[in-house]
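Q: Take the sequence shown: its position 68, counting from 1, is numbered 71 in the numbering used here, and each next residue is one higher.
Note that CB positions come from ideal geometry on N, CA and C, so glycine has one too.
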Amino acid sequence: MKLLFDLFPILLFFLAYKFGDVYIATGVAIAATIAQIAWLKLRARKVEPMQWASLGIIVVFGGMTLLFRDETFIKWKPTVLYLLFAAALAFTGRLTGKQPLKAVMGSQLELPDAVWARLTQAWIGFFLAMAALNLFVAYRMSLDAWVNFKLFGSLGLTFLFVLAQGLWLGRYMKEPTAAVPPPSDRA
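#1: Comparing alpha-carbon positions, which option in 21, 124, 174 lies nearest residue 88?
#2: For the alpha helix (DSSP H) containing residue 30, list its first residue and its last residue.
#3: Grouping DSSP H, G and I as helix and E and B as strand, with all else coil, what is residue 72?
#4: Using a 10 Å radius around the Cβ and a threshold of 16 neighbouring Cβ atoms, would you call residue 144 buried or exposed?
#5: Can you check whether the CB of residue 35 is closer than 8 Å to the CB of residue 15?
#6: Measure the Cβ-Cβ separation of residue 103 and residue 92 and say whether it is below 8 Å.
#7: What residue range is occupied by the uninterrupted alpha helix (DSSP H) comprising residue 50?
#8: Ends of the alpha helix (DSSP H) at residue 103?
#9: For the alpha helix (DSSP H) that residue 195 lies in, which residues bound it at each end?
#10: Report yes if the CB atom of residue 83 is closer than 8 Å to the CB atom of residue 60, and no otherwise.
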């Protein structure tokens, strides 16, 4: 459900584009992201920093798209978001002296520090590659192709990256210890 909730603005952008145009889709994405944050706040749930960043970027770049009637700004939105994520991972560790992914996922995964460092580098590389790929598709392909890439291409690549990462991390996962049954009184 969280995944669908996080994809809500992207899905609505895609549908609004298919039934309207990029400007209607941009307005819908802005409204959907604002509604998403409002829903979390009304339910007294935590709004993640990534969600705040996404809200700020969609309002700024989407707003410029609508104000100047220029689709270029909305096409830059994913690239800016990916670059922000890469920078956050790169600089948070340097500023705090801690592995940023370990701080977020350390309660779910027990990994050596060297693996956390490689995992962080892999995510930084992935975000940088996705930023560049978004610009390539935005400037070398049609608007229709970019909208399809925004939903299917970026999600598909992210899924494949996470899957590959899971396979790689499997080598470092500890086997759960089996519960030892209590000794029996029967002899």
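A: The relevant details are as follows:
#1: 124
#2: 25-45
#3: coil
#4: exposed
#5: yes
#6: yes
#7: Premise fails: residue 50 is in no alpha helix (DSSP H) and is neither H nor E.
#8: 103-108
#9: Outside the shown range of the chain, which is 4 to 190, sits residue 195, and nothing can be said about it.
#10: yes
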